[in-house]
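Quick notes on the structure that follows.
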Amino acid sequence: MSAFFRKRNLRYPLLALLALGMAAVILISLWSEWGAGIFALLYGAAITSAWVLEKRNYEETEKHIETLSYRMKKVGEEALLEMPIGILLVNENQQIEWANPYITSALDYETLIGESVYSLTEEFNQLVKSPESNEMVMSLGGRKYRVYYRADDRLYYLFDITEQVEIESLYHADRTVIGILFIDNYDELSQGMDDQVRSNLNSLVTSLINRWGTDNGIFVKRISSDRFMAVFNESILQKLEETKFTVLDDIREVTAKDNMALTLSIGVGAGSASLIELGAMAQSGLDLVLGRGGDQVAIKHPSGKVKFYGGKTNPVEKRTRVRARVISHALRDLIQESDQVFVMGHKMPDMDSIGAAVGVAKMAEMNRVKGRIVIDFDEYDRSVMRLMEEIESDPDLFERFITPEEALSEMTEHSLLVVVDTHKPSMVIDERLLQRMERVVLIDHHRRGEEFITNTMLVYMEPYASSTAELVTELIEYQPKHEKLTMLEATAMLAGIIVDTKSFTLRTGARTFEAASYLRSNGADTVLVQRLLKEDLDTYIERAKIVQSVEFVGDGIAIAKGEEGRIYSPVLIAQTADILLTMKDVNASFVIAERTEGGVGISARSLGEVNVQVIMENLGGGGHLTNAATQMPDASIEEAVGQLKAVLTENDGGGSEE
Numbered sequence: 105m106s107a108f109f110r111k112r113n114l115r116y117p118l119l120a121l122l123a124l125g126m127a128a129v130i131l132i133s134l135w136s137e138w139g140a141g142i143f144a145l146l147y148g149a150a151i152t153s154a155w156v157l158e159k160r161n162y163e164e165t166e167k168h169i170e171t172l173s174y175r176m177k178k179v180g181e182e183a184l185l186e187m188p189i190g191i192l193l194v195n196e197n198q199q200i201e202w203a204n205p206y207i208t209s210a211l212d213y214e215t216l217i218g219e220s221v222y223s224l225t226e227e228f229n230q231l232v233k234s235p236e237s238n239e240m241v242m243s244l245g246g247r248k249y250r251v252y253y254r255a256d257d258r259l260y261y262l263f264d265i266t267e268q269v270e271i272e273s274l275y276h277a278d279r280t281v282i283g284i285l286f287i288d289n290y291d292e293l294s295q296g297m298d299d300q301v302r303s304n305l306n307s308l309v310t311s312l313i314n315r316w317g318t319d320n321g322i323f324v325k326r327i328s329s330d331r332f333m334a335v336f337n338e339s340i341l342q343k344l345e346e347t348k349f350t351v352l353d354d355i356r357e358v359t360a361k362d363n364m365a366l367t368l369s370i371g372v373g374a375g376s377a378s379l380i381e382l383g384a385m386a387q388s389g390l391d392l393v394l395g396r397g398g399d400q401v402a403i404k405h406p407s408g409k410v411k412f413y414g415g416k417t418n419p420v421e422k423r424t425r426v427r428a429r430v431i432s433h434a435l436r437d438l439i440q441e442s443d444q445v446f447v448m449g450h451k452m453p454d455m456d457s458i459g460a461a462v463g464v465a466k467m468a469e470m471n472r473v474k475g476r477i478v479i480d481f482d483e484y485d486r487s488v489m490r491l492m493e494e495i496e497s498d499p500d501l502f503e504r505f506i507t508p509e510e511a512l513s514e515m516t517e518h519s520l521l522v523v524v525d526t527h528k529p530s531m532v533i534d535e536r537l538l539q540r541m542e543r544v545v546l547i548d549h550h551r552r553g554e555e556f557i558t559n560t561m562l563v564y565m566e567p568y569a570s571s572t573a574e575l576v577t578e579l580i581e582y583q584p585k586h587e588k589l590t591m592l593e594a595t596a597m598l599a600g601i602i603v604d605t606k607s608f609t610l611r612t613g614a615r616t617f618e619a620a621s622y623l624r625s626n627g628a629d630t631v632l633v634q635r636l637l638k639e640d641l642d643t644y645i646e647r648a649k650i651v652q653s654v655e656f657v658g659d660g661i662a663i664a665k666g667e668e669g670r671i672y673s674p675v676l677i678a679q680t681a682d683i684l685l686t687m688k689d690v691n692a693s694f695v696i697a698e699r700t701e702g703g704v705g706i707s708a709r710s711l712g713e714v715n716v717q718v719i720m721e722n723l724g725g726g727g728h729l730t731n732a733a734t735q736m737p738d739a740s741i742e743e744a745v746g747q748l749k750a751v752l753t754e755n756d757g758g759g760s761e762e
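If you count the sequence shown from 1, position 172 lands on 276 in this note's numbering, and the numbers rise without skipping.
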């Protein structure tokens, strides 16, 4: 019992009252001895009763506290041994010195004493070495436990949360998912069909999609000629992800037999309890897929994470040039409303970026508006050096090139910024220009990624195009003819097309040759292009040394790497990947080498059987189905090779995350 309770402070006021009573008796006796005697008897009886009651109350309270203390100690011991909470006491080596019976029986051990907690699960090691957290969910004996660690006492508390985890899992599995299915190129293909053939096509596509919905427990409703709505839950979504959305292959293969070549694009919204948000994410995912060329699935979550599946076919070239004409006229109006037009490509610009920028600047001149090309003169690849030397020899053309600082000082609220050959803010030459300008136009031929320049006035993204220079060439054809293309301008744009198509061998459509023909008719010099694209002997030898390091992973996948500690240009890496792809039995090539900016870069190429875009997206990059790349700033060459092999092992044309 506590010393405070043993002091019995209540007795001191009683003694004080006794002293006051005696003083009162003395005073009363001066007036009446009989009165003093009677008062003394009554007062003494009252004080005696209070004293006895106080003593009895003290003894009863003391007895109750002693009984309660015994009961609490007994309950504590029973709780330690009987309550459904696991307790482990360990020594400094994390060996168990004591464990309560509950956790011993739950883990099906006769005794845990002497066992290392790491032998139960390696997750204990993460908990011990994690200074920022003292709790973790672990799997032990087929059940889930929330484990709390008190480092000072070397004590673990384990709470069984298996049922809670199962309920959470059931809740997440039953959450609603909304999908929007879009039939790519349906309008273009059905335009020339008679009613019976169109009806047969509708029936075929509808039956395929409805069968897919029935087989997977999905409610599917056709909402327009080329669009379907799908409602399902996350457990079904998980199964669809495991099978890589085979409906994409089914639609493509079945329609190809009838020479219709239809593909399906799907946007999926998941992970939210709000139906409005799910619908918005599904539509956003579909927009993202269409921007990447279609024949894919994009699954969006509220966190912003996106998974992609499919993308096994090259984007289909459009049959008409109506959109090019509409975009060209819209761009013409924006240019004419501007006081100046600034054109900016991506960092370390290549031939396509420079050629497209030259073409857009020429469009501004055609509309009697000053066009300026923003470039960092200290950062462009050696492959562009010869072109820049030719441009420097033409004063009228060279004066259009300015630095980012000059552009920032000359820009006004009425200026127009055109971004070419990239749609990622992090890839432009100077992000400050994007932040400064409110009037922005985007022209690009890459498949769209999640990172995207927002608040644009006009977007012209066509993944089917061979190059941005091809898109700009088509736009120029519909511009006013106040100014004609010069030989050097046409040559720069043709060089961009030739480089991106590998001399018209990759990603080349009828429109590519039409654009090249237009440039040739405007004076493009093919001999000059060949001279610009010539390489020196040292570059050829460097590329050959990288090719010597090639190793094969899987069926037809070649990986080559540069020397440790040696810097290679991105163009050299890309050229080496192209060379590897021309070798026998090579279906996809990956070249890894160190970069000037630090870290390593990977350039990937394929013939179409392997989707290198998805593989590079898994490593933080992007690109096209057959042409992609990534940069890994914090990795060594060997680490990059290991990560690439891991992605190749896991990925067979399935999902990627951004």
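The C-beta atom is built at its ideal place from N, Cα and C for all residues, glycine as well.
Residue j beta carbon less than 9 Å from that of residue i
{"i": "A460", "j": "M591", "result": "no"}
{"i": "L537", "j": "Q444", "result": "no"}
{"i": "V675", "j": "D454", "result": "yes"}
{"i": "V335", "j": "G283", "result": "yes"}
{"i": "R396", "j": "F412", "result": "yes"}
{"i": "M523", "j": "L438", "result": "Residue identity check: residue 523 is Val in the sequence provided, not Met. No; because the gap between Cβ atoms is not below 9 Å, this pair is not in contact."}
{"i": "I706", "j": "I671", "result": "no"}
{"i": "R436", "j": "L636", "result": "no"}
{"i": "S673", "j": "S693", "result": "no"}
Spatial neighbours of residue i in its chain, beta-carbon cut-off 7 Å, leaving aside the 5 residues before and after
{"i": "S106", "result": "Annotation note: pLDDT 47 at S106 (below 50); position unreliable, no value reported."}
{"i": "R472", "result": "H586"}
{"i": "A469", "result": "At residue 469 the sequence reads Glu, which differs from the Ala that was named. Cβ within range, chain order: G475 and E587."}
{"i": "V488", "result": "P453, D454, M455 and I458"}
Collapsed DSSP secondary structure at residue i in the structure displayed
{"i": "G373", "result": "strand"}
{"i": "V447", "result": "strand"}
{"i": "Y484", "result": "coil"}
{"i": "R540", "result": "helix"}
{"i": "Y672", "result": "coil"}
{"i": "I601", "result": "helix"}
{"i": "D682", "result": "helix"}
{"i": "F608", "result": "coil"}
{"i": "W135", "result": "coil"}
{"i": "M470", "result": "helix"}
{"i": "V690", "result": "coil"}
{"i": "L368", "result": "strand"}
{"i": "R423", "result": "Confidence is the limiting factor: at R423 the pLDDT is only 44, short of 50, which leaves the residue's position unreliable, though a coordinate-based value still follows. Correct three-state label for R423: coil."}
{"i": "I495", "result": "helix"}
{"i": "E761", "result": "Low local confidence applies: a pLDDT of 47 at E761 is under 50, so the model's placement there is unreliable, and no value is given."}
{"i": "N731", "result": "strand"}
Alpha-carbon to alpha-carbon, residue j and residue i
{"i": "F656", "j": "L684", "result": "11 Å"}
{"i": "L752", "j": "G746", "result": "10 Å"}
{"i": "L501", "j": "V631", "result": "20 Å"}
{"i": "D604", "j": "E698", "result": "23 Å"}
{"i": "E566", "j": "A620", "result": "17 Å"}
{"i": "I479", "j": "G449", "result": "8 Å"}
{"i": "G660", "j": "I547", "result": "35 Å"}
{"i": "N755", "j": "D498", "result": "49 Å"}
{"i": "L262", "j": "M187", "result": "11 Å"}
{"i": "G148", "j": "K167", "result": "29 Å"}
N-terminal and C-terminal residue of the beta strand (DSSP E) that residue i is part of
{"i": "F323", "result": "F323 to S328"}
{"i": "D264", "result": "L259 to D264"}
{"i": "E239", "result": "E239 to L244"}
{"i": "L630", "result": "Residue 630 is actually Thr in this sequence, not Leu. Element bounds for T630: not the beta strand (DSSP E) but the alpha helix (DSSP H), T630 to L636."}
{"i": "R709", "result": "V704 to S710"}
Same chain, Cβ closer than 6 Å to residue i, neighbours up to 5 away in sequence not counted
{"i": "Q440", "result": "N471"}
{"i": "F228", "result": "V221 and Y222"}
{"i": "R331", "result": "F286"}
{"i": "G553", "result": "G726"}
{"i": "T700", "result": "I671"}
{"i": "R423", "result": "Any reading at R423 must be qualified, since the residue scores a pLDDT of 44, below 50, and its modelled position is unreliable; the value itself is stated next. Contacts found: E292."}
Close beta carbons around residue i, own chain, < 8 Å, minus the five adjacent residues each side
{"i": "I265", "result": "V241, K248, Y249 and R250"}
{"i": "A386", "result": "I282, G283, I284, G371, V372, G373 and K404"}
Residue range of the alpha helix (DSSP H) that includes residue i
{"i": "A255", "result": "First-last for A255: undefined, no H or E at that position."}
{"i": "G746", "result": "I741 to E754"}
{"i": "N197", "result": "Where N197 is concerned, there is no enclosing alpha helix (DSSP H), given that its DSSP letter is neither H nor E."}
{"i": "N306", "result": "D299 to N320"}
{"i": "R699", "result": "No alpha helix (DSSP H) holds R699; DSSP gives it neither H nor E."}
Cβ of residue i within 9 Å of any chain C Cβ
{"i": "E535", "result": "The structure shown contains no chain C; it holds only a single protein chain."}
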